[in-house]
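Asks: Structure in structure tokens, see below.
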Amino acid sequence: MRKITILRINHRHFRDHRISTHVGLAARALGANEIIYSGEKDEALLESINKITAKWGGPFECSYNPNWKSVVKEWKKNGGKVVHLTMYGMRIQDRIKEINSDKSDLLIIVGSEKVPWDAYELADWNIAVTGQPHSEVAALAITLEKLNSKSLEVEFKEAKIKVNPCEKGKDIED
Ligand code: SAM
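The sequence shown begins at 0 in numbering that gives the first Met the number 0 and counts up by one.
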């Protein structure tokens, strides 16, 4: 299976803390291998993602790199491909076959408030999940599901806690 890494660019410590956390949690839950945060350094953000992985299982890597462009360039140098999620891109339903037939490791760039032009230029695919403005978490979740039909069936290793499905109430295995 190819590796899928999320690159969250231009994170802002206070304004984006919650949504950047959710980008990481959605990435992990839906089977991505790793998230790299760029922008302002936010130790608490890395800590909360790592805490979830320690409790709910992995593997899932989480790290910070101040230079998002060097992450993208290194990724491409190593033969990986890059998807940039943007409402201005090509419709995901029209390009998903092409992306899925390419077995290279995939870096998915998710923006914050302002996305630098270079992200559009460096990407192999600029991809829209509808042409409407919405949320990076929604765009990422739909993209991960379309990239991997097993994204709702991910098995987590070394979990200390697990939820068993139940009709009503909560069934938690500790
Ligand atoms: N105004 C910003 C810009 O310069 O494009 C985007 C702000 S948006 C809240 C933050 C991120 O959510 C975007 O960079 C993109 O990654 C993602 N996003 C939002 N709507 C999207 C859509 N319809 N399709 C794909 N990605 C989307």
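Where is the CB? At the ideal position from N, CA and C, for every residue including glycine.
These numbers were taken from a predicted model, which means no experiment stands behind them.
Return yes when at least one heavy atom of the ligand SAM lies under 6 Å from the C-beta of Thr-4, else no.
Replies: Along the sequence shown, one-based indexing puts residue 4 at 5. The answer is no for Thr-4.
Asks: So the alpha helix (DSSP H) Thr-4 belongs to, where does it begin and stop?
Replies: Position 5 of the sequence shown, counting from 1, holds the residue named residue 4. Per DSSP, Thr-4 belongs to no alpha helix (DSSP H); it is in the beta strand (DSSP E), 3-10.
Asks: Could you give the distance in angstroms between the alpha-carbon of Ala-137 and the alpha-carbon of Glu-46?
Replies: Taking the first residue of the sequence shown as position 1, residue 137 is located at position 138. Taking the first residue of the sequence shown as position 1, residue 46 is located at position 47. About 23 Å.
Asks: Provide the residue(s) that pair with Cys-61 in DSSP beta bridges, ordered along the chain.
Replies: Counting from 1 along the sequence shown, the entry for residue 61 is found at position 62. Answer is Ile-34, bridged to Cys-61.
Asks: Specify, as a first and last residue, the run of the beta strand (DSSP E) that Asp-41 falls within.
Replies: As a position in the sequence shown, residue 41 is number 42, starting the count at 1. Premise fails: Asp-41 is in no beta strand (DSSP E) and is neither H nor E.
Asks: Any contact between the region 16-24 and the region 133-153? By contact I mean 3 or more CB pairs, one from each, below 8 Å.
Replies: These segments touch.
Asks: Beta-carbon separation of Ile-100 and Gly-78 under 7 Å?
Replies: Taking the first residue of the sequence shown as 1, we reach residue 100 at position 101. Taking the first residue of the sequence shown as 1, we reach residue 78 at position 79. Here residue 100 turns out to be Ser, not Ile, going by the sequence shown. No; because the gap between Cβ atoms is not below 7 Å, this pair is not in contact.
Asks: Inspect the beta-carbon positions of Val-109 and Arg-1 and report whether they are closer than 7 Å.
Replies: Within the sequence shown, residue 109 is the residue found at index 110, counting from 1. Within the sequence shown, residue 1 is the residue found at index 2, counting from 1. No, they are not a contact pair.
Asks: Please work out which residues of its chain come closer than 6 Å, Cβ to Cβ, to Ile-141, disregarding the five sequence neighbours upstream and downstream, and give them in chain order.
Replies: Along the sequence shown, one-based indexing puts residue 141 at 142. Val-128, listed in sequence order.
Asks: Please say whether Glu-33 and Glu-73 have beta carbons closer to each other than 7 Å?
Replies: Position 74 of the sequence shown, counting from 1, holds the residue named residue 73. Position 34 of the sequence shown, counting from 1, holds the residue named residue 33. Contact: no.
Asks: Would you mind reading off the limits of the alpha helix (DSSP H) that contains Ala-140?
Replies: Taking the sequence shown and counting its residues from 1, one reaches residue 140 at position 141. Element bounds for Ala-140: 135-146.
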